[in-house]
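Undergrad: Quick mapping for you: the protein sequence lines, in order, are chains A, B, C and D. Just so we're on the same page, this note's numbering is the position in the first sequence counted from 1, plus 304. Just so we're on the same page, this note's numbering is the position in the second sequence counted from 1, plus 4. Just so we're on the same page, this note's numbering is the position in the third sequence counted from 1, plus 43. Just so we're on the same page, this note's numbering is the position in the fourth sequence counted from 1, plus 287. Following this message is one structure expressed as structure tokens.
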Amino acid sequence: MFSVVKDLVRYNREFALGAILILLVVAMSLASFFSPYPSGVQYVVPFDTPPSWSYPFGTNSRGQDVFWQLTFAIRNSLLFGLTVAVLSRLVALFVGLTSGYVGGTVDRVLMSINDTFVVFPPFPILVLVYFIFKDHMSWPLLAVAMASLGWPYDARLIRSVAMSLRSREFTTQSLFSGMSTRQILVEEHLPYVLPIVFATTMNNINWSIGLEVTLSVIGFTNIDTPTIGTMIYWANQHTALVAGVWWWIAFPVGLVIMTFIGLYLLSVSMNEYIDPRSRLSRMGGAA
Amino acid sequence: MTPEPGRDKASADGPRPAAEGAAALTVDRLRAYYMTHYFGVEREVRAVDDISLGVRRNEIYGLAGESSSGKTTFLKTIAAAVRPPLTVIGGSVRYGFLDRDIYALSPAELSAIRWRHLSYITQGSMNVLNPVRRVRQSFVDFAFRHMKLSRRAFFAAVEEHLQKLHLAANVLDAYPHELSGGMKQRVTIALATICRPEFIIADEPTTALDVVVQKDVLAMIRKAQQQIGSSMLFVTHDMTVHANISDRLGIMYAGRLVEEASTADIFTKPMHPYTAHLVASLPKIGEQSRKGSLSGAPPNLAAPPSGCRFHPRCPLAMDICREASPALIALASGHRVACYAANPLSPPGAAAPAEPARLVQ
Amino acid sequence: MAGYAIYVLRRIGQFFLVVFVGVNIAFFVTHATPIDPITAAIAAATRFSQSDPQAVQMTRDALRELYGLQGSLWQQYVAFWTRVAVADFGPSLSAFPTPVSTLIWRALPWTFGLLSVATLIAWVLGNLLGGLAGYYRRNLPLKAFGVIASGLQPIPNYVMAFVVLVLFGYVWPILPITGSSQINLPGGWTFAYFKSVFEHALLPVLSLVLVGTGSWFIGMRALVSNIVTEDYVTFAELGGVDRRRILISYVMRNALLPQVTGLALSLGLIFNGAVITEVVFGYPGLGNLLIRAVYAGDYSLVIGIASMSIIAVAFAALVIDLILPLLDPRVGAA
Amino acid sequence: MIRKVPRDFGERPSDRRRAVAQILKTLTFAAGGLALGGQALAAEDFLAGIPRNQVLIAENPEGTVTDPSNFNVWVPKPNGTSTGLQQLCMDTLWYIDPDQGLNGKVWDNSLAADKPQYNSDFTQMTVKLRSGIKWSDGVDFTADDVVYTVQTLMADPGGFNDGARMAANVDSVTAPDKDTVVFKLKKPNSRFHAAFTVRWSATWIMPKHVFEKQEKPSKFAFNPPVCLGSYTLKSFDPNGTWFIWQKREDWKNTTLARFGEPGPNYVAYIDPGPPDKRVILQQNHQLDIVHDTSPEGAFALIKSSPTSHGWFAGFPYAHPDPTLPMIVLNDQLPKFQNPDVRWALALLIDIKAVDMASYRGAATISAIPVPPTGTHPQYYFDPMEQWLKDFTIDTGKRTIHPYDPNMAQEIADMLRPSLGDAIPKDPKAIAAAFGRGWWKQDPQAAAELLEKAGLKKVGGKWMLPDGTPFTIAISTEGDNRPVMTRAGSLIAQQWTQAGIDSKIDALPTAMWSNMFNGQNEASMSWTVETWGGHPDLSFFLDSWHSQFLSEPGKFQPPRNWQRWKDPELDKIIEQIRAVDFDDPKGIELGKDFIKLFVKNMPTIPLMSYNVFTVMDSTYWTGYPSAEKDPYTDPVPNWANTKYMMVKLKPTGATPAQ
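Set out below in structure tokens:
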């Protein structure tokens, strides 16, 4: 695995760039642990001072240091994205492997469920979820809601891989050697799909962070937890843009774009490394 | 002929083959390497290394050798079908129907001779047909512009041609996925011969087929070739197929031509130890066990062995084999071989002229 | 073509499954909401007047009857489906007594227009350029475009829309940043109106296209650079088949199939994008209506929009899947 | 070694050129489109077909109207009333100005010819109407319209906003002649006329001849509306983002004509989008009146655009509405029942920080339950000042004077360094702009009060007498009122820092109504709204009577939802009911109420509701302003703003091309 990473860094520009971006972002989020101010507390520094040595990213109209605010925000956003990704990966893996390996009726049933979820427009559904929980909307809740919508596309992909594995000798061998379906899936097939899962994780994190931003800026999340989304929300509340407090908008937006591009680059370079045709098989698998 | 740019010295002043008038194809010191820089590493794979040979009018010249010996690359090269990373380093490819080296042609000229004069039956013909186009459209795409016929006349000609090859006209309206493997192969053969080209290149056309189908596909190829009296370069690793179809045989090993003779001679008195092995390893009637295969693996063409490329696996290897690589020279009429064991006197390096076409057995 | 028939039937079955599940989610979720539309209405009604308890009680009863909220959840559920069958979601609670369907039909065309135009441009542009980029791999402008596309593609629509808004509405204010057409311009088949609609649609469409094109471009490029190595392409090139014909009928044509399926699959996501873009640009489509409905706690409207959008997206996906066999003879045959 | 470049496979120069051309063509598409859009935009008016300098463009804070084609103002709906409908088209009997009023007259007899005439026991109200007023369709306005209106509303309590109110009060309504209406009331009520007296809004008069044709008036869309006001509907956006009103040819037949001809030929109420878009629009002179925006936005706008100005020429610019934001505590909850606890909470607040957090210093603070606006300073603040200074509370350990009379002064001084001349120096001006005193932050006294109330501080956290931690959830209206949300979140922070864990719940508008169900703990909102111009407090105070108080946990209409109950309060209210609207005794009773309130601190008053209404004088002059001519409230969704129309004069400027 490490040698793989080494090669990637050495030979694949996308991966190197992506890795650098993500490292920066992660470092940023880790910095939050050294923040001089607890997260979310207001009016601890002067208002609206532009970026300077003492306040590298300036301060906002709520008397917060944008830099430290941002460290909390990006930490929560990443954490959120990761949670959604992991949860939805689990579902995707389960559905994908099972229906790919078991096939037959199970496959048909699982896939029709899968295809049902694929076409759901997530936004109205999430708005509905918010509609129930309203002020009790917390990010773990939102994460679960999103995870339950974020799996089908990749489940298909995993399925198509599992199907191809199914016909390989080692599957039949392990079958004859009396391994249970579960064992075969977990011990034999999982290793093969993991790289793909990894690549899709990146995309999924992107997807969920993006959606979180979207919901936050229209105030459909808990606006007290600092995330990239809620940061933009508050900036809008104070019309930071027209008030000339551009640094309150620019840095979060810049950072989040960095995150997106970083994750994206990682996922494509992984894909290339794993299998230049994965995109093809992914699409084909969906046909 | 003026040495054209991009021709390297060695072959430029090397001996030229004599009058080629009668030859259908003359290849002279052809070298084509794969130049890759994947993940920053420069690699140079010598898939075709200094090959010279000639194909006579109306003959089927078989090219044998285990997989990854460079056969397919050689075909791509003589068909001027090279795409990076494959690059032609030097040598010439001349066809009887052409007054110039094929690499001297403009793209327009090149596409003008394709199919009209030079057609191709590729390896794995299973998926050489566009899955979303009916067979009829493929015929149009490939042949229509050459036949200079009205659409109706064209299809009439196509159907007639199919009939000759015992193919029902309704295959024209089928999609590839609706045809069996054998059928598809037949269709591609029909497609390759419809323009009555002077030269046909066949690359493992029967490999993917089961024996029964193989037999009549081969028959069909023979038939087509005789009907239109074209020459053919026929490549397969399967010696039994060669025995059935080739007039003359060239044996390739690790990107080089190591022996060339009439099919009969190759099978009866092979001179090169590798050829000998290939022939010997054929199953014979009443034989219990298959002959033990060669020790060692075919060499890595990125870093080929010094001297004779076969020496690491050669039972007769001598010291000289490790230092110098033997040239391909004629030992008997129409029988060329590159091996010190077979001919201690063979000068290193220099290649002999391709067998003159006028020497007929 | 029995195979095709079966395929069609399966797809249609799929469609109804989607609609059924989706609409159920919409119904039960909204009925689980803590919002009491009656309380909301009374609060609105009594905000500026006095609050005699008996008066309030009068209003309460009257409203409960008006809104037709009596009966068990099951009864409401059955009633609901019978109405959905005829695309009638009852009266809007926030714009009482206007029917929800009226409000939806008013907003739908805008969303549909925005969505279809943006998607079409993004899809065609992305696939065209991506196809060329995959075929002419050494072409510099195409390479450059690839880099840009990869950079834009992962950016979420909100951020993109926001940036576009700031650039063209504030930094360089040359385009309308809100609304669907010029104020006081009567709608109709007049040039002025279309021109105005076009101008107002530019920024939303632009921000959707900027995000959308990328993924199609990248997908197509990957597909094409795989397909050019396919035997049938090499064979055609050996056959000296006309190059434009190869590019179009052999390479693009085959690469397009997964892209069409991809389109069907990503409609849901595209819809998301359109919704939030509408909100940013104050575009009078379903997205804005949905947000307002949530703010107003108008759950008959929320159900209506959620259901309608699910049905619409599912239907669009169905249509695409049904035309797919026309493009790919293999579909359904297998 | 030289390599052969294959010319047949891969690319061909010609192909590449073609491809490039193709790409460049496609790529220029977007840019071209933008450019074209750009020119087109510059070349056209903001409003199609209406000269910019003939139309007043104001923000409708309702945003996009859900059902724009419904002009029936009498039915409950979330929006669609301040689209110009209630400001320009509707009319009713009386108006009370939130500020000084035209020609300094706060009270205006609009459709009525005179003030309401009550009988001795306030069971009957007689109204004399003006004659010569016409509906916009030419029909005469008569007493029948008023009678019809009241009877229609009464008949359908659920269908109409004020139906229940009429049904509860009115026994019968009759029109002895075409200029007279007589209301017989079910029970004595000296404030019944309030129903027909505009403060932001009121019960509007229906056109009998239009509505009587409908068999279900509450379902009638009333499109196009038939108006009594000086304007009629010209056109509206089917998507609900704009409404344009046109001056009536026969504006002389409307009540407004008494003050002259309205200036603007057209008035447009539009949805300009979120606060920053409003600022952008006015910077481009495409929005004459911004209803409200964030303080930061308003400051930036006024700074950047010389033609933009607020109610105050200088800081705080904003208009103080006669509405009093406060921390509304739910006094029915055990933890808030003890006045000492409520006082402690008040003393933990640093009003300066709240002011900065919410309004960036642009608040007009108030220590008493009356907005520091309109005519109230002279009626209540000046007289009460001394009493407040002398007022003491017993913390259990000592008695303190909680009132700090210099608070506003200190705020002004605090702001002056950064804002300079924008901050007035004259104490009177400061009092007008920033208010007067407030309660000194005093954590020590607060702690003593909490201990007095039986709470204990354990590990830095306050525990209720029953041993459970003392926590507070402050509900705010979130997006709907960002400034309130900000204030709430800061107060939560201050209480938390003092050991009372507090958080804000930013509720969406839809959830807000759940606030009235009695489970809420505290909210950043208000239960005090006054006429502004008139000293009478009954507008909000009457509904504080315990007769309207619901059981704990039961729905309480959004009036007295601090749910404070006190026999003395009821006595005061009943006395007020018994005196006439204009009786000076009312003011004395008001003071008694204030004293009672301060002793109990049922809710914590903070400041007036300052609206950052910004007016652009590029095309129009004559806007009201605090210093020059405070003739009315400029906040455009107030129905009272109809009086602005007669003061506004065109500058004749034309859009710069």
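C-beta atoms are modelled at their ideal positions from N, C-alpha and C, and glycine is treated no differently.
Beta carbons nearer than 9 Å to chain B: which residues of the region 255 to 288 of chain C have them?
TA: Val271, Thr272, Glu273, Asp274, Tyr275, Val276, Thr277, Phe278, Ala279, Glu280, Leu281, Gly282, Gly283, Val284, Asp285, Arg286, Arg288
Undergrad: Go ahead and pull the three-state DSSP assignment for Leu228 of chain D.
TA: Examination of residue 228 of chain D is not possible in this model, given that chain D is present from 288 through 944 alone.
Undergrad: At a CB distance below 8 Å, what residues from the region 624 to 650 of chain D approach chain A? Give them in sequence order.
TA: Answer set for the region 624 to 650 of chain D: Ala640, Met643, Ala644, Arg647.
Undergrad: Looking at the structure shown, is His74 of chain C part of a helix, part of a strand, or coil, going by DSSP?
TA: Here residue 74 of chain C refers to the residue found at position 31 when the third sequence is read from its first residue. It is helical.
Undergrad: Can you give me the start and stop residues for the beta strand (DSSP E) that Asn396 of chain D sits inside?
TA: Translated into positions along the fourth sequence, residue 396 of chain D becomes position 109. Note, Asn396 of chain D: beta strand (DSSP E), 394 to 396.
Undergrad: For Ala346 of chain B, decide whether its Cβ has a neighbour in chain C, counting only Cβ atoms nearer than 8 Å.
TA: Here residue 346 of chain B refers to the residue found at position 342 when the second sequence is read from its first residue. Answer no: the Cβ-Cβ gap between Ala346 of chain B and chain C never drops below 8 Å.
Undergrad: For chain A, is any of its Cβ atoms less than 8 Å away from the one on Pro942 of chain D?
TA: Within the fourth sequence, numbered from 1, the residue matching residue 942 of chain D stands at position 655. By this cut-off, Pro942 of chain D is not an interface position.
Undergrad: When you compare the CB of Asp145 of chain B with every CB in chain C, is at least one pair closer than 8 Å?
TA: One-based indexing of the second sequence puts residue 145 of chain B at position 141. For Asp145 of chain B, the answer is yes, since a Cβ of chain C falls inside 8 Å of its Cβ.
Undergrad: Listing by chain order, which chain D residues have their CB less than 7 Å from the CB of Gly548 of chain A?
TA: Stepping through the first sequence from its first residue, residue 548 of chain A is reached at position 244. Ordered by position in chain D, the residues that pass the 7 Å Cβ test against Gly548 of chain A are Ala587.
Undergrad: Closer than 9 Å between beta carbons: that is the criterion. Which residues of the region 566 to 577 of chain D meet it against chain A?
TA: From the region 566 to 577 of chain D, only Val566, Ile567, Gln570 have a Cβ closer than 9 Å to chain A.
Undergrad: Whose C-alpha, out of D:Tyr930, D:Thr679, D:Trp818, D:Pro562, is nearest the C-alpha of Leu277 of chain D?
TA: The requested residue 277 of chain D is not part of the displayed model; chain D covers only 288 to 944.
Undergrad: Do you know whose CA, among C:Thr82, C:Ile198, C:Gln119, C:Gly56, lies nearest Leu106 of chain C's CA?
TA: Indexing the third sequence from 1 puts residue 106 of chain C at position 63. The shortest Cα separation from Leu106 of chain C among C:Thr82, C:Ile198, C:Gln119, C:Gly56 belongs to C:Thr82.
Undergrad: Can you find a C-beta in chain B that's less than 8 Å from the C-beta of Tyr213 of chain C?
TA: In the third sequence, counting from the first residue as 1, residue 213 of chain C sits at position 170. No, its Cβ sits nowhere closer than 8 Å to a Cβ of chain B.
Undergrad: I want to see whether chain B comes within less than 8 Å of Asp364 of chain C, judged by CB atoms only; does it?
TA: Sequence index remark: in the third sequence, residue 364 of chain C carries index 321 (1-based). With respect to chain B, the C-beta atom of Asp364 of chain C has no partner C-beta closer than 8 Å.
Undergrad: Per DSSP, which one or two residues make a beta bridge with Asp65 of chain B?
TA: The sequence position of residue 65 of chain B within the second sequence is 61, counting from 1. Before going on, a small fix: residue 65 of chain B reads as Tyr here, not Asp. Answer is B:Leu237, B:Arg252, bridged to Tyr65 of chain B.
Undergrad: On the three-state DSSP scale, how would you describe Gly722 of chain D?
TA: Along the fourth sequence, one-based indexing puts residue 722 of chain D at 435. Strand at Gly722 of chain D.
Undergrad: Just to confirm the assignment: which complete alpha helix (DSSP H) runs, minimum length 4, are found wholly within the region 306 to 343 of chain C?
TA: 329 to 339
Undergrad: Taking 8 Å as the threshold (beta carbon to beta carbon), is Asn297 of chain C in contact with chain B?
TA: Looking up residue 297 of chain C in the third sequence gives position 254. Yes, Asn297 of chain C lies at the interface with chain B (some Cβ there is under 8 Å from its Cβ).
Undergrad: Note down, in chain order, all residues in the region 513 to 533 of chain A with a beta-carbon under 9 Å from any beta-carbon belonging to chain D.
TA: Ile522, Gly523, Phe524, Asn526, Ile527, Asp528
Undergrad: Taking the continuous beta strand (DSSP E) assigned at Asn269 of chain C, which residues delimit it?
TA: Translated into positions along the third sequence, residue 269 of chain C becomes position 226. Looking at the DSSP string, Asn269 of chain C is not in any beta strand (DSSP E); the run it does join, the alpha helix (DSSP H), is 234 to 270.
Undergrad: Which of the three DSSP states is assigned to Trp529 of chain D in this structure?
TA: Taking the first residue of the fourth sequence as position 1, residue 529 of chain D is located at position 242. Per DSSP, reduced to three states, the secondary structure at Trp529 of chain D is strand.
Undergrad: Which residues in the same chain have their Cβ closer than 6 Å to the Cβ of Asn170 of chain C, if we skip the five residues on either side of it in sequence?
TA: Position 127 of the third sequence, counting from 1, holds the residue named residue 170 of chain C. Excluding residues within five positions, the ones whose Cβ falls inside 6 Å are Trp259, Met263, Gln302.
Undergrad: Taking C-alpha atoms, which residue in D:Lys743, D:Pro656, D:Met441, D:Ile717 lies nearest to Ser825 of chain D?
TA: Along the fourth sequence, read from residue 1 onward, the residue named residue 825 of chain D stands at position 538. Per the Cα distances, D:Pro656.
Undergrad: From A:Ala459, A:Leu328, A:Ala451, pick the residue whose C-alpha is nearest to that of Phe379 of chain A; which is it?
TA: The residue you call residue 379 of chain A lines up with position 75 of the first sequence. Per the sequence shown, the amino acid found at residue 379 of chain A is Arg instead of Phe. Among A:Ala459, A:Leu328, A:Ala451, the Cα nearest to that of Arg379 of chain A belongs to A:Leu328.
Undergrad: Asp788 of chain D lies in the beta strand (DSSP E); which residues open and close that run?
TA: Looking up residue 788 of chain D in the fourth sequence gives position 501. Here the beta strand (DSSP E) through Asp788 of chain D covers 788 to 793.
Undergrad: Looking at Ser762 of chain D and Asp788 of chain D, is the spacing between their C-beta atoms short of 8 Å?
TA: For the purposes of this step, residue 788 of chain D is taken as residue 501 along the fourth sequence, with counting starting at 1. For the purposes of this step, residue 762 of chain D is taken as residue 475 along the fourth sequence, with counting starting at 1. Not a contact, by the Cβ cut-off of 8 Å.
Undergrad: Run the CB neighbour count on Ala336 of chain B, radius 10 Å, all protein chains shown included, and call it buried at 16 or more, exposed below.
TA: Residue mapping note: residue 336 of chain B aligns to position 332 of the second sequence, counting from 1. Classification for Ala336 of chain B: exposed.
Undergrad: Residues of chain C with CB under 7 Å from Ile369 of chain A, in chain order?
TA: The residue you call residue 369 of chain A lines up with position 65 of the first sequence. Before going further, note that residue 369 of chain A is Asp rather than Ile in the sequence given. Near Asp369 of chain A there are no residues of chain C at all, since even the closest Cβ is about 23 Å away, more than 7 Å.
Undergrad: Determine, for Phe842 of chain D, whether the minimum Cβ-Cβ distance to residues of chain C falls below 8 Å.
TA: The residue you call residue 842 of chain D lines up with position 555 of the fourth sequence. Interface criterion met: the Cβ of Phe842 of chain D is under 8 Å from a Cβ in chain C.
Undergrad: List the residues of chain D that Asn364 of chain A touches, going by C-beta distances under 7 Å, in chain order.
TA: Residue mapping note: residue 364 of chain A aligns to position 60 of the first sequence, counting from 1. Simply none; closest approach about 10 Å.
Undergrad: Does the distance from the C-beta atom of Leu67 of chain B to that of Leu237 of chain B stay below 8 Å?
TA: Taking the second sequence and counting its residues from 1, one reaches residue 67 of chain B at position 63. Taking the second sequence and counting its residues from 1, one reaches residue 237 of chain B at position 233. Leu67 of chain B places its beta carbon less than 8 Å from that of Leu237 of chain B.
Undergrad: Give the residues of chain A in contact with Ser581 of chain D, contact being defined as C-beta atoms less than 7 Å apart.
TA: Numbered from 1 along the fourth sequence, position 294 holds the residue referred to as residue 581 of chain D. In chain order: Gln541, His542, Thr543.
Undergrad: Could you give the DSSP three-state label for Asn897 of chain D: helix, strand or coil?
TA: Taking the fourth sequence and counting its residues from 1, one reaches residue 897 of chain D at position 610. Correct three-state label for Asn897 of chain D: strand.
Undergrad: Could you tell me the distance, in whole angstroms, from the CA atom of Asp579 of chain D to the CA atom of Gly661 of chain D?
TA: Taking the first residue of the fourth sequence as position 1, residue 579 of chain D is located at position 292. Taking the first residue of the fourth sequence as position 1, residue 661 of chain D is located at position 374. The straight-line gap from Cα to Cα measures roughly 19 Å.
Undergrad: If contact is defined by three or more beta carbon pairs under 8 Å, each pair taking one atom from either stretch, is the region 283 to 300 of chain C in contact with the region 194 to 209 of chain C?
TA: no
Undergrad: Can you tell me which of B:Arg155, B:Gln218, B:Arg60 puts its alpha carbon nearest to the alpha carbon of Ile193 of chain B?
TA: Residue mapping note: residue 193 of chain B aligns to position 189 of the second sequence, counting from 1. The candidate whose alpha carbon is nearest that of Ile193 of chain B is B:Gln218.
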